[in-house]
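> In case it helps, the working numbering puts the sequence shown at residues 270 to 597.
Note that CB positions come from ideal geometry on N, CA and C, so glycine has one too.
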Amino acid sequence: MIKHIFSVFIFTICFVCTFNTQAQLSKKHFIPPLTYAEIGNANPEDQYIYISTPSNVNIRYTIKQIGLPNSDITGVVSSSSPKEIYIGNGNSQLFVDSNLTSDVHDNKGYIIEADDVIYVSIRVLAGGGAQAGALVSKGNSAPGTTFRAGMFTNENPQSNYLNFISVMATENNTLLNFDDLPAGILIKNYSGTLPISNISLNEGESYILATNAAENSVNRDALIGTLITSDKPIVVSTGSANGSFHNGFGRDYGIDQIVGIDKIGDEYIFVKGNGNNDWENVLIVAHKDATTIRINGGGVSATINKGQYYLIEGEEYNFKWKYVCTDF
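#1: Starting from the Cα of Lys457, find the closest Cα among Ser475, Asp521, Ser371 and give me that residue.
#2: Helix, strand or coil for Asp500? Go by DSSP, reduced to three states.
#3: Please classify Val326: is it buried, with 16 or more other beta-carbons within 10 angstroms of its beta-carbon, or exposed?
#4: From this set, Gly529, Gln316, Ala491, Pro301, which residue's C-alpha is nearest Arg392's C-alpha?
#5: Measure the beta-carbon distance from Arg489 to Pro426 and round it to whole angstroms, keeping in mind my assumption that it falls under 8 Å.
#6: So is Ile332 buried or exposed if we call it buried at 16+ other beta carbons inside 10 Å?
#7: Between Ile530 and Ser469, what straight-line distance do the alpha-carbon atoms span, to the nearest angstrom?
#8: For the putative contact between Thr414 and Thr498, defined by C-beta atoms under 8 Å, what is the C-beta separation to the nearest angstrom?
#9: Tell me whether Asn442 is buried or exposed, calling it buried when 16 or more other Cβ atoms sit within 10 Å of its Cβ.
#10: With 16 other CB atoms within 10 Å as the buried threshold, where does Val540 fall?
#11: What residue does the beta strand (DSSP E) around Asp229 start on, and which one ends it?
#12: If Tyr319 and Ser390 are in contact, beta carbons under 8 Å, what's the gap, nearest whole angstrom?
#13: Going by DSSP in three states, Lys457 sits in which element: helix, strand or coil?
#14: Is Ile581 near Ile553, with beta carbons less than 8 Å apart?
#15: Which residues in the same chain as Gly306 place their Cβ atom closer than 8 Å to its Cβ, once the five residues preceding and following it in sequence are excluded?
#16: Helix, strand or coil for Asn463 per DSSP?
#17: In whole angstroms, what is the alpha-carbon distance linking His374 and Gly534?
#18: Which residue comes first and which comes last in the beta strand (DSSP E) that contains Met437?
#19: DSSP three-state call for Asn446: helix, strand or coil?
#20: For the putative contact between Ala401 and Asn312, defined by C-beta atoms under 8 Å, what is the C-beta separation to the nearest angstrom?
#21: Let me confirm a value: Phe518 is counted as buried when at least 16 other C-beta atoms fall within 10 Å, else exposed. Which label applies?
#22: Determine whether the beta carbon atoms of Val436 and Tyr379 lie at a separation below 8 Å.
#23: Hey, could you find the ends of the beta strand (DSSP E) Phe416 is sitting in?
#24: Find out if the Cβ-Cβ distance for the pair Ile493, Gly419 is shorter than 8 Å.
#25: DSSP state of Ser371, grouped into three classes?
#26: If the criterion is Cβ atoms closer than 8 Å, does the pair Pro451 and Ala491 meet it?
#27: For Asp500, is the classification buried or exposed, using 16 other Cβ atoms within 10 angstroms of its Cβ as the cut-off for buried?
#28: What did DSSP end up calling Asp315 once you bin it into helix, strand or coil?
#29: Start and end of the beta strand (DSSP E) containing Ala491?
#30: Short of 6 Å in beta carbon distance, which residues of its chain neighbour Asn360, apart from the five on each side in sequence? Order them along the chain.
#31: Run through DSSP, which three-state label would Glu549 get?
#32: For the candidate residues Ser324, Ser460, Gly461, whose alpha-carbon lies nearest to that of Val386?
#33: Which two residues bound the contiguous beta strand (DSSP E) that contains Ser475?
#34: Determine the direct distance from the alpha carbon of Ala411 to that of Lys557, and round the result to whole angstroms.
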C-alpha cells in the first residue's frame, strides 16, 4: 500500500515543485487541516510534525494550534537536532471530519513560526497502519492567489476514496472562490450553486471542499483542475484520503501542499521510484487552453484545455525522463 504514495509525490513534483527547494526554508509556515473518507480504512491515526534546519545554531520555533488559546508548542531545532513532534490521533488539530466540510473552520490547522528559516513537513498513518501520507510545507512559496487542484483519479472508485481541497487564509478579510467545477459534482455538505464564490476567511481560518469518489461517476475526478482564487494570499493543501491512480482495489493517502500559478513552469524532470507502472503516474493539469504535452522530447502526446488533466502512466519512464508542457 505504501507504494501508492510515490504516485502522489510524482504529481507533487509535476505540479508544484518548479521552484528551488530552498524556498521551503522559511520563518513562517501555514498548515491547513486535512480530511478523509469516513468509511473504512481511511481513518487517520498517529500524526507528526517534522521540523529541521541547515543551521548549526539553535533556532526557536512556535507551533500555534489555531483556535486553541494558550496551547502553543515550543522548542528549538538545529542541523544536528531535528524534531519529531507527535500531534495526535484521529480527528486531531490536523483533521476535520469530512461530514463537517464545506464550512469555515477557525479551530483547525497550524501556523508555525521560527526565529530563522526551518523546514516543516507532516506525516500521517491511517487505516490500521495500511495507509500513510506526507506533505511538505512550501513556506514562503506557499501563499498565492490562483491555484489548480490535483489528486488521485480513482479509476475504480471505492466508498472510502475521498478527494479534497483545503484552503487557509494568511490575512484577514480574504474572499475565496472555487470555479471550473463540473456539472453533476456532489460536494459533501454543500447544496448551493456553482461556482462557489466569496467565502470570507480571516487569517488562520480554513475551508475544505470534499467529494466521495463512489457517489457518482462525476465525483471520481471532479475536483481535479478546480480553479481556486482569492483576493489575498491563501495556502492550499490538496489530495486524496484515500484514493488511487489504478483501476484495482489498492488505496492510499496522496496529499501535499501546492503552490500558485505564478510559481509553476513548463519543463519538468522525473525519476521513477519503486512503484508499479499502474500507479506510479504523473498527473498534469492545464491552466490555459490548448496546452500541449510532450514526453522525452517527442511529439505532442496530448493537448488539453484549462482545468483538464492528462495522466502519464509508469511505462513512459526510462531511467529518467522529462516532458515539456507549453501554453499556446
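According to the structure shown:
#1: In the sequence shown, residue 457 corresponds to position 188, counting from 1. It is Ser371 whose Cα lies nearest to the Cα of Lys457.
#2: In the sequence shown, residue 500 corresponds to position 231, counting from 1. Looking at Asp500 - three-state DSSP - the assignment turns out to be strand.
#3: Within the sequence shown, numbered from 1, the residue matching residue 326 stands at position 57. It counts as exposed.
#4: Against the sequence shown, residue 392 aligns to sequence position 123. Taking only the C-alpha atoms, the option nearest Arg392 is Gln316.
#5: If you number the sequence shown from 1, residue 489 lands on position 220. If you number the sequence shown from 1, residue 426 lands on position 157. At roughly 5 Å, the Cβ-Cβ gap stays under 8 Å, so Arg489 and Pro426 are in contact.
#6: Residue numbering aside, residue 332 sits at position 63 when the sequence shown is read from its first letter. Ile332 comes out buried.
#7: For this step, residue 530 is matched to residue 261 along the sequence shown. For this step, residue 469 is matched to residue 200 along the sequence shown. Between Ile530 and Ser469, the C-alpha separation is close to 22 Å.
#8: On the sequence shown, residue 414 is found 145 positions in, with the first residue counted as 1. On the sequence shown, residue 498 is found 229 positions in, with the first residue counted as 1. Yes, they are in contact, since the Cβ atoms of Thr414 and Thr498 sit about 6 Å apart, within 8 Å.
#9: The residue you call residue 442 lines up with position 173 of the sequence shown. Exposed, by the Cβ-count rule.
#10: Indexing the sequence shown from 1 puts residue 540 at position 271. Result: exposed.
#11: Limits of the chain in this structure are 270 at one end and 597 at the other, which puts residue 229 out of reach.
#12: Numbered from its first residue, the sequence shown carries residue 319 at position 50. Numbered from its first residue, the sequence shown carries residue 390 at position 121. With a Cβ gap of about 5 Å, Tyr319 and Ser390 count as contacting.
#13: Along the sequence shown, read from residue 1 onward, the residue named residue 457 stands at position 188. Coil.
#14: Indexing the sequence shown from 1 puts residue 581 at position 312. Indexing the sequence shown from 1 puts residue 553 at position 284. Yes, the Cβ-Cβ distance between Ile581 and Ile553 is below 8 Å.
#15: Indexing the sequence shown from 1 puts residue 306 at position 37. Correcting the residue identity first, residue 306 is Ala in this sequence and not Gly. Around Ala306: Ser367, Ser428, Asn429, Tyr430, Leu431, Asn481, Ala510, Asn511.
#16: In the sequence shown, counting from the first residue as 1, residue 463 sits at position 194. In the sequence under discussion, the amino acid at residue 463 is Leu, which differs from the Asn named in the question. Three-state result, Leu463: coil.
#17: On the sequence shown, residue 374 is found 105 positions in, with the first residue counted as 1. On the sequence shown, residue 534 is found 265 positions in, with the first residue counted as 1. Roughly 33 Å between the two C-alpha positions.
#18: Stepping through the sequence shown from its first residue, residue 437 is reached at position 168. Element bounds for Met437: 431-438.
#19: Taking the sequence shown and counting its residues from 1, the one referred to as residue 446 is at position 177. Looking at Asn446 - three-state DSSP - the assignment turns out to be strand.
#20: Numbered from its first residue, the sequence shown carries residue 401 at position 132. Numbered from its first residue, the sequence shown carries residue 312 at position 43. Actually they are not in contact, since the Cβ atoms of Ala401 and Asn312 sit about 13 Å apart, beyond 8 Å.
#21: Position 249 of the sequence shown holds residue 518. The residue is exposed, with fewer than 16 neighbouring Cβ atoms inside 10 Å.
#22: As a first step, residue 436 is located in the sequence shown; it is residue number 167 there, counting from the start. As a first step, residue 379 is located in the sequence shown; it is residue number 110 there, counting from the start. In this structure, Tyr379 does not lie closer than 8 Å to Val436 by Cβ.
#23: Residue 416 sits at position 147 when you count from the first residue of the sequence shown. Phe416 -> beta strand (DSSP E) spans 413-417.
#24: The sequence position of residue 493 within the sequence shown is 224, counting from 1. The sequence position of residue 419 within the sequence shown is 150, counting from 1. Their beta carbons are under 8 Å apart, which means Ile493 touches Gly419 by this criterion.
#25: Your numbering for residue 371 matches position 102 in the sequence shown. In the structure shown, Ser371 sits in coil (DSSP, three-state: anything other than H, G, I, E or B).
#26: One-based indexing of the sequence shown puts residue 451 at position 182. One-based indexing of the sequence shown puts residue 491 at position 222. Contact flag set, yes.
#27: Within the sequence shown, residue 500 is the residue found at index 231, counting from 1. Under this definition Asp500 is an exposed residue.
#28: Residue 315 sits at position 46 when you count from the first residue of the sequence shown. Three-state DSSP puts Asp315 in a strand.
#29: Taking the first residue of the sequence shown as 1, we reach residue 491 at position 222. Premise fails: Ala491 is in no beta strand (DSSP E) and is neither H nor E.
#30: The sequence position of residue 360 within the sequence shown is 91, counting from 1. Cβ neighbours of Asn360 beyond the five flanking positions: Asp366.
#31: If you number the sequence shown from 1, residue 549 lands on position 280. Reduced to three states, the DSSP call for Glu549 is coil.
#32: As a working mapping, residue 386 is identified with position 117 in the sequence shown. For Val386, the nearest C-alpha among the options comes from Ser324.
#33: Here residue 475 refers to the residue found at position 206 when the sequence shown is read from its first residue. It spans 475-481 - the beta strand (DSSP E) in which Ser475 sits, taken as one unbroken run.
#34: Your numbering for residue 557 matches position 288 in the sequence shown. Your numbering for residue 411 matches position 142 in the sequence shown. Taking the straight line from one Cα to the other gives about 21 Å.
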